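Notes follow the structure.
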Amino acid sequence: MTKKESIILQSRYSADRLHDIVKGLSQRRKDLICTQKWGNLLNIGKFSAPKGLLEWIVDRINPKLGEFRNPRNNTNILFTRQMVEKALGLPTGTRPVVIISKHEESPHREFYKTDYEHGRRAPIHHAATMLEKGTDLDDETFFRTFFLVALATHFTPGTGNMVPLEYLGSLEVASEVCEYAWGEQILKDVMSEADTFQKKKKALLDGVFKKIWVGSCLPVLAFRAPQATPYVVVVPIYQQQSTQQPYVQQTENDSTN
């Protein structure tokens, strides 16, 4: 088995998909997104982090502490809400993100669902089609739909291909979405998924190879510009086929002491 074949972490994170959706929006819709203080999403590029690198990092995460530890060189990085906000260009909201259960009523939940063989579900492609063809959507509905797609592809992707309707409680008013602490919620989601991955990987029997799907914005753990954030994971010659291990470089304004 090659090194590439031995990678078991799988992710549905897709900045590419969000990039393509944004590209197809009208200028009026783009202006609306900017007005709601989410203009950074209009500049999202097509990028991804190598799955082998992500698995290497996740294996060395302490989810309870929110900390990366590399015992080989005794390096540690404590991830914080502020780091996530800087890395993703998020507004610095402070209101706790409202999570609603699938049993709680929402005036918008059914709007995003479509019929499947085993019931009604809310696939990303259904919401994306609304954005592409929904010229009749009012501004509030358009932004709510766009943000759900941004959550599903970029900020908090799950292990399926569904939009996260549990966040509808924070999307009632478009102008207030920026007031929520999305950096904190995204970080919490990343650490929860890292914990789940570690437990599933540990539970695999010796010699048994099985892909494990992981949700959340995992790339936030891997790459960022050192001038923009107080830390950076550097991979100078990383390739999935290579046996060379990535290493962590800490910058002068490191806040992880």
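All residue numbers for the sequence shown refer to full-length UniProt numbering, where the first residue is 1 and numbers rise by one.
Glycine is no exception: its CB is placed at the ideal position from the N, C-alpha and C atoms.
The model shown is predicted, which means the values in this text are computed figures rather than measured ones.
Residues of its chain near residue i, where Cβ-Cβ distance is below 7 Å and the 5 sequence neighbours each way are ignored
{"i": "THR141", "result": "none"}
{"i": "ASP16", "result": "LYS46"}
{"i": "PHE197", "result": "LEU9, VAL58, ILE212 and VAL214"}
{"i": "LYS201", "result": "ILE8 and ILE212"}
{"i": "ILE21", "result": "ALA128, LEU131 and VAL149"}
{"i": "ALA194", "result": "VAL58, ILE61 and PRO63"}
Cβ shell of residue i (< 8 Å), same chain only, five flanking positions each side left out
{"i": "SER6", "result": "PHE209"}
{"i": "ARG28", "result": "none"}
Counterpart residues of residue i in DSSP-defined beta bridges
{"i": "TYR116", "result": "GLY119"}
{"i": "ARG69", "result": "ASN76"}
{"i": "TYR180", "result": "ARG95"}
{"i": "MET130", "result": "DSSP output for MET130 lists no bridge partner at all."}
Residue i, DSSP secondary structure in three states
{"i": "LEU9", "result": "strand"}
{"i": "ILE212", "result": "strand"}
{"i": "ASN62", "result": "strand"}
{"i": "ASP16", "result": "helix"}
Cutoff 6 Å; reference residue i; Cβ partners in own chain excluding five residues on either side
{"i": "THR153", "result": "SER14, ARG17 and LEU18"}
{"i": "THR114", "result": "HIS126"}
Residue i: first and last residue of the uninterrupted beta strand (DSSP E) it sits in
{"i": "ILE99", "result": "Unbroken run through ILE99: none, as it is neither H nor E."}
Contact test: residue i Cβ vs the ligand ATP heavy atom, cutoff 8 Å
{"i": "TRP213", "result": "The ligand ATP is not part of this structure, which contains no ligands at all."}
Alpha helix (DSSP H) segment containing residue i, residue limits
{"i": "ARG81", "result": "81-88"}
{"i": "THR220", "result": "This sequence places Val at residue 220; Thr is not what is there. Neither: VAL220 is in no alpha helix (DSSP H) and is coded neither H nor E."}
{"i": "VAL173", "result": "First-last for VAL173: undefined, no H or E at that position."}
{"i": "ILE33", "result": "27-35"}
{"i": "ASP139", "result": "139-150"}
{"i": "ALA49", "result": "Taken as a continuous stretch (DSSP letters only), ALA49 belongs to no alpha helix (DSSP H), as it is neither H nor E."}
{"i": "HIS103", "result": "Taken as a continuous stretch (DSSP letters only), HIS103 belongs to no alpha helix (DSSP H), as it is neither H nor E."}
C-alpha gap between residue i and residue j, whole angstroms
{"i": "SER106", "j": "LEU205", "result": "42 Å"}
{"i": "PHE146", "j": "THR75", "result": "39 Å"}
{"i": "LYS86", "j": "TYR112", "result": "31 Å"}
{"i": "ILE186", "j": "PHE155", "result": "6 Å"}
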